[in-house]
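The structure appears below as structure tokens.
So, in structure tokens, the structure goes:
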């Protein structure tokens, strides 16, 4: 019997009928891994020394949120190539008041998030009825325009060299670690809720067929704008936080290249899974930084190699591969138990 | 009388797709609108639901003039319809297709949904229950977790009907529900439509397949946009010679 | 007056470069269904390659230039066969492959040549002209070569048998297959031409202007601008839009500073995109 509070049985699960308890038992390994990770990450600063590793982890938390927010937008069928620019809008909306008006980071950080959200919603409007490729190109140029406007902004924005002198929120890196860690957890909870509630159902409906969606009262335009606004909020928030952490806002971190890498993190991890972006960031950013650091200038070759491997062998991303493996393991397990005649198809 | 239509006319340029057409549907009836291809049957539907503006005539639903209303307004008044091309959500399961269609009532606000208020949870429980009922009514309960795109064609059509039922209509307009179905599916559909009438839904069916006659309380025949005849199914069937003389023998009987 | 002549020449040369780049990208897009996000990297790599040939190997320009183009074309055939074809035109996979390829190329050239601005020495040094109106001979040469190549392409697409086959494939892939056109050959050809054109553009850019590792990204965006405004599936539109971009980026910097030009141009493009998302000359 279906759990009555579920509004959308996860669309990622296999297609055949399944027993609810079996679903729960499938989730068990994931939950325990998550809990273990949580504990490890929460206690990490007490154990490790070396500010470099903490720096990488802070970066990881930030990029997990941004990549996940890109993915949330993509659920509504929008391949958005402006996400880097909203990361940047958050940063500059925080940096400019901080540097020129000396506002406190406790004000500028929420300001950055809000500015990115409002601009995100407003700028999403002209694109909210465009089909796939045209939407992608439109947002690509939207991002390009934003970066160009920043670069042409004169002294206020610091132009292409960036705007320095942003006041820092804390003096210790460990504080930033916990801040970004906490923000990441809250953000992921919000995004999980977004995707797995009726809001997510509406998004997926619009993504599949905007006409069918309209015929049941799900408006395409307003839901697509909502998705972008939601994603921009988190991108902008992390942009502002990271800007204060770095002390500088520089356009190179928010341009097309940055956006493409964010998309790469999601694709490598698996675009069809909630944890895909996190895994992608871990594999594509963190592992090279942690373990291949001495390669220095050769590091890009490692990342390029990872991309090629994923593209050739597991286009569904790492999570896709894990799911396939898990299904095969469970299929064998079930065959032994002889529970039901319809085994999981592969 | 739930639906009263008089002098309905629709011209596209010089061509009258629907010409001075009258039809009445009483509450609780199953009325069939039959005619050959291109007779204007679907155009009548589109005029009722406001997809096309009317050239002339009046459409009165439950005492209210709805001639000029738009599709989403018409839907909110309790008129549901299916489409010949039957679009679905292909990557949703059968159950999700139905539950996702419960947007008009009950309606949950964004706030309710995001924060999981009691109102939201009540709505969702209600939706799950009603969706399950609907699936049982149309005979798709066993395939609740199948992806819509994997369903055989006939089942997809029934899913389209299920989705229309999710909007909880008083008047359900079915556009060629039997098209493309095999005999087993046709029988199941006829039973399902009877079940809907027993549940208090008034049904207006546009159909090409004469098997629908066994289901209808009354039948209206349309050709080239004009009403040809109307009456009980036996009467119209007795007129069969007239009809097949008129339309030729491309009729499935 | 001298400034005017220089500007006109700049406009024309830039226009030629953009059209060449846009054509190359369009060949790959229309015939393979691939958005070659590595196009900018090919552009830059060809320029760096030519630089190495001229400066380190001492080859004369007349040898280095065709050699660069041929090597790029050959590279295009390999890339198509081993990197693009297995991806089956799946946008996500192609994207990953292009970014990987681009990263590898740019990193490699960065390692060997650093990031400071370079310039390929002119093929024909000196200036020509009459009276006080002097122009770099190289620019005239580039202009001449560019025009010849563009005309060759038009003739090729419109008149030759291969061109006809390519047009057939663009418009209807399955239909073309039924006619016996082998898709593999067309694909290789398209990619060879695409990469070759990018190489030509790169060498022009590298010898007439400055060569830094970043111009690849910048040019890629301009190519995307070009192709989108022209309309996906269009070849002719690329000429018109390329010319427009040449004017924009060649003439405006005379009056406004570089960053403002970029801002203005990109806002204009965005506005045009919003008005006509499908481009102005496309047939899709």
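Residue numbers (my numbering), protein chains in the order written: chain A, 167 to 512; chain B, 25 to 277; chain C, 6 to 289.
Note that CB positions come from ideal geometry on N, CA and C, so glycine has one too.
- Interface criterion not met: the Cβ of residue 215 of chain B is under 8 Å from no Cβ in chain A.
- Beta-carbon to beta-carbon, residue 423 of chain A and residue 329 of chain A are separated by about 19 Å, too far to satisfy the 8 Å threshold.
- Boundaries of the beta strand (DSSP E) harbouring residue 33 of chain B: 27 to 36, taken from the DSSP string.
- At a Cβ-Cβ threshold of 8 Å, residue 432 of chain A and residue 233 of chain A count as neighbours.
- Taking C-alpha positions only, residue 256 of chain B is separated from residue 246 of chain B by approximately 15 Å.
- In terms of Cβ geometry, residue 39 of chain C and residue 99 of chain C form a close pair [threshold 8 Å].
- Below the 7 Å Cβ cutoff, chain B contributes 138 as neighbours of residue 359 of chain A, in chain order.
- For the 8 Å CB-CB criterion, residue 429 of chain A and residue 450 of chain A do not form a contact.
- Counted as a single uninterrupted DSSP element, the alpha helix (DSSP H) harbouring residue 100 of chain B occupies residues 95 to 100.
- With distances taken between CA atoms, residue 185 of chain B lies nearest to A/382 out of A/382, A/219, A/335 and A/485.
- Linking residue 65 of chain B to residue 44 of chain B through their CA atoms gives a straight-line distance of about 13 Å.
- By a beta-carbon distance limit of 8 Å, residue 213 of chain C contacts residue 144 of chain C. Their separation comes to about 6 Å.
- Listed along chain A are 318, each with a C-beta nearer than 8 Å to that of residue 265 of chain C.
- Boundaries of the beta strand (DSSP E) harbouring residue 197 of chain B: 195 to 199, taken from the DSSP string.
- In the DSSP assignment, residue 373 of chain A falls within the alpha helix (DSSP H) that extends over 364 to 374.
- For a cut-off of 8 Å, the C-beta gap from residue 53 of chain B to residue 241 of chain B is around 5 Å, short enough to register as a contact.
- Secondary structure of residue 426 of chain A (DSSP, three-state): helix.
- For the pair of segments examined, the stretch 272 to 290 of chain A was found to touch the stretch 254 to 261 of chain A: the number of CB pairs separated by less than 8 Å reaches three.
- In terms of beta-carbon proximity, residue 249 of chain A stays away from the interface with chain C, with every pair separated by 8 Å or more.
- Among the residues of chain C, none has a CB under 9 Å from the CB of residue 267 of chain A; the nearest is roughly 24 Å distant.
- Interface criterion met: the Cβ of residue 467 of chain A is under 8 Å from a Cβ in chain C.
- Taking C-alpha positions only, residue 325 of chain A is separated from residue 183 of chain B by approximately 57 Å.
- Beta bridge pairing from DSSP links residue 79 of chain B with no other residue.
- With respect to the 8 Å criterion, residue 209 of chain C and residue 18 of chain C are classified as neighbours on the basis of their beta carbons.
- Taking the beta carbon of residue 91 of chain C as reference, the chain A residues within 9 Å of it are 477 and 478, listed in sequence order.
- For residue 138 of chain B against residue 359 of chain A, the beta-carbon gap comes to about 6 Å, under 8 Å, which counts as contact.
- Of all residues in the stretch 443 to 460 of chain A, none places a beta-carbon less than 9 Å from a beta-carbon of chain C.
- The three-state secondary structure of residue 206 of chain B, taken from DSSP, is coil.
- Residue 222 of chain C is positioned such that its CB atom lies closer than 8 Å to that of residue 45 of chain C.
- By the neighbour-count criterion, in which 16 or more other beta carbons inside 10 Å mark a residue as buried, residue 373 of chain A falls on the buried side.
- Going by C-alpha positions, residue 401 of chain A is about 7 Å away from residue 231 of chain A.
- The distance from the Cβ of residue 435 of chain A to that of residue 444 of chain A is about 7 Å, consistent with a contact at the 8 Å cut-off.
- In chain order, 266 place their CB closer than 7 Å to the CB of residue 258 of chain C, counting only its own chain and leaving out the 5 sequence neighbours on each side.
- Here the stretch 405 to 420 of chain A lies against the stretch 266 to 282 of chain A, with 3 or more beta-carbon pairs under 8 Å apart.
- For residue 51 of chain C against residue 247 of chain C, the beta-carbon gap comes to about 19 Å, at or over 8 Å, which does not count as contact.
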